[in-house]
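In mature numbering (1 follows the signal peptide of the UniProt record, and there is no 0), the protein residues as written are -26 to -1, 1 to 291. We put the CB at the ideal spot given by N, CA and C, even for glycine. Small disclaimer: the values here were computed from a predicted structure and weren't measured.
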């Protein structure tokens, strides 16, 4: 839900996080200042990975929270509060509500770019993250709830992003099931798959028609419908920049997987530039190995789902 700017609250916004599964009570968080909700996304039953340590290569720790996932983004126009001052009162409210602070860090101490792109955040302009000025907090409740908060600043506004995961009260639910339908041939998208609609709505999209040989970094011959759509979008939106982020499964060490995922992302970037005429300034490439899985790596289907390249909106101006 997007609230129009004139409806901005004049004192503070009471954020009601609907976390009533398993008998948990709703939690009200008061944002520290005049606030407006800029965007939200309800992923229903899903699995959401959150970093629980700074980005440290093989030592990076992740928490996989399963349940109903809801993301909210807020803008605080005109505030002089720092990112730390924005997150501190929210931390105190969580602790008062019985949450344990599992991890907290700030910008470069978190790991800068590498850490930020482990986070599933609502896109610009709804949520702005200054890579040199942000705070992160991960909190868990004994009843199974998980809340992650990111705060940051722009020149004249503050930004707050709250992700809430509430465990399902229905046992034996497969939270993310691989498709049981017919396999989609390489180079083609599932029916009615609009890459750009997903990219604009979520700020990121999986380019799931790309094909790589097992263990190889060379992109298949194509053509790939997703790249055609991405290229057309970037051409008509010259101020938009995207990051191509490569992901792998957990087979092998993190260092090798990170290098592999980055090289695959770089191959996709090269194809967009050479074959589709995309400006090099509009697209960059990174790799984070197996640190941001979509599903469990315990099965062959899960590992295949986790091997992917995503396009992430990095900036719209």
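Assigned secondary structure, residue i (DSSP; H/G/I helix, E/B strand, else coil)
i           : result
residue 271 : coil
residue 230 : helix
residue 185 : coil
residue 264 : coil
residue 173 : helix
residue 199 : helix
residue 220 : strand
residue 178 : strand
residue 51  : strand
residue 242 : helix
residue 250 : helix
residue 190 : coil
residue 89  : helix
residue 213 : coil
Cβ-based burial, residue i [other Cβ within 10 Å; buried from 16]
i           : result
residue 171 : exposed
residue 93  : buried
residue 54  : exposed
residue 215 : buried
residue 43  : buried
residue 267 : buried
residue 75  : exposed
residue 235 : buried
residue 58  : exposed
residue 11  : buried
residue 278 : exposed
residue 33  : exposed
residue 205 : buried
residue 81  : buried
residue -13 : Low per-residue confidence applies at residue -13: pLDDT is 47, beneath 50, and the placement is therefore not dependable, though the value from the model is reported in the following sentence. By the 10 Å Cβ count, residue -13 comes out exposed.
residue 303 : The structure shown has nothing for residue 303, since the chain only spans -26 to 291.
residue 273 : exposed
residue 168 : exposed
residue 230 : exposed
residue 132 : buried
residue 7   : buried
residue 52  : exposed
residue 254 : exposed
residue 83  : exposed
Beta carbon of residue i nearer than 7 Å to that of residue j
i           : j           : result
residue 227 : residue 238 : no
residue 14  : residue 46  : yes
residue 123 : residue 61  : yes
residue 71  : residue 1   : yes
residue 67  : residue 5   : no
residue 218 : residue 259 : yes
residue 283 : residue 242 : yes
residue 39  : residue 139 : yes
residue 41  : residue 141 : yes
residue 224 : residue 271 : yes
residue 194 : residue 232 : no
Residue i: first and last residue of the uninterrupted beta strand (DSSP E) it sits in
i           : result
residue 297 : Residue numbering for the chain in the displayed model covers -26 to 291; residue 297 lies beyond these limits and cannot be assessed.
residue 286 : 282 to 289
First through last residue of the alpha helix (DSSP H) which encompasses residue i
i           : result
residue 295 : The chain is shown only over -26 to 291; residue 295 falls outside these bounds and no answer can be derived.
**Message:** Ignoring anything shorter than 3 residues, give me the beta strand (DSSP E) runs that lie fully in the segment 3 to 41, in order along the chain.
**Reply:** 10 to 25
**Request:** Just list the beta strand (DSSP E) runs in the segment 91 to 140, keeping only unbroken ones of 3 residues or longer that don't cross its boundaries, in chain order.
**Result:** 108 to 114, 120 to 127 and 131 to 140
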